[in-house]
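Working notes for the structure below.
2 protein chains.
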Amino acid sequence: MRYLRDEKFIKLVGKRVRQVRLMKNISQAQLAADCDVEISQISRIERGVINTSLSQINNIARNLKVHPKDLLDV
Amino acid sequence: MRYLRDEKFIKLVGKRVRQVRLMKNISQAQLAADCDVEISQISRIERGVINTSLSQINNIARNLKVHPKDLLDV
DNA sequence: TCAAATATAGGCAAATTTGCTTACAAATAA
DNA sequence: TTATTTGTAAGCAAATTTGCCTATATTTGA
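Chains as they are written, first to last, in my numbering: chain B, 1 to 74; chain E, 1 to 74.
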């Protein structure tokens, strides 16, 4: 199968998530708790090792108190 | 497992994708061809039945000639 | 009306994400 | 230095997405 994975893009989004999180002075652990997801998942997303979903982006955005589109502003 | 799926959000994004596609006067078949994905996949995304990935959103955005964040402008 | 174009639906296998866990590395603070 | 916090890494099972396919419904145009 030819699964679509845009390495460049998912890495950019990961960096953007991290950037916003740090701007808000929140640890990965805190964000993970707020989002009710595993910290390892936050880590994977920020490092761009996974091609995460719309729902995860929305979940993270909500808990970072930004609009989901702001996390795609890369 | 407690897989995160935000029905409301993915349906909104689906509607937004459709809206942009129709604004550009493109059929699902055309968009699918441009994106090199299955038409059934475009259909599933627009109807909000799947919680698609960042890469898919970027792929679709690129081929609709909009910024990926515009597809999350819901 | 009829044909053609467009969109929806669903099944199956393969690939991936996610939750859960444990372990370790790296940075920070005392 | 030592302890604490923070972040990275990896493996496994379950759930989901995706590609591929076929079939059907719905809309549009002649």
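Glycine residues also receive a C-beta, built at the ideal position from the N, C-alpha and C atoms. Given the structure is predicted, the values throughout are model-derived calculations rather than measurements.
message: So E:R21 and E:L31 are supposed to be a Cβ contact under 8 Å. How far apart are they, rounded?
response: 6 Å
Chain-order list of residues whose beta-carbon lies under 6 Å from that of B:R44 (same chain, five-residue window excluded): I50
message: DSSP three-state label for E:S27, please.
response: coil
- request: Anything in chain B within Cβ reach of E:M13, meaning under 9 Å, just list it in chain order.
  value: One point to set straight first is that residue 13 of chain E is Val, not Met, in the sequence displayed. Ordered by position in chain B, the residues that pass the 9 Å Cβ test against E:V13 are L54, N58 and P68.
- request: Can you pull the chain E residues whose beta carbon is under 7 Å from the beta carbon of B:D34, in chain order?
  value: Here the premise fails: no neighbours, minimum Cβ distance about 13 Å.
- prompt: Between the region 5-30 of chain B and chain E, which residues of the former have a C-beta closer than 7 Å to a C-beta of the latter?
  reply: R5, D6, F9, I10 and V13
message: B:N58 and E:I9 - do their beta-carbons sit closer together than 8 Å?
response: The amino acid occupying residue 9 of chain E in the given sequence is Phe; Ile does not appear at that position. In this structure, B:N58 lies closer than 8 Å to E:F9 by Cβ.
field: B:D36 classed as buried or exposed, judged by whether at least 16 other C-beta atoms fall within 10 angstroms
entry: exposed
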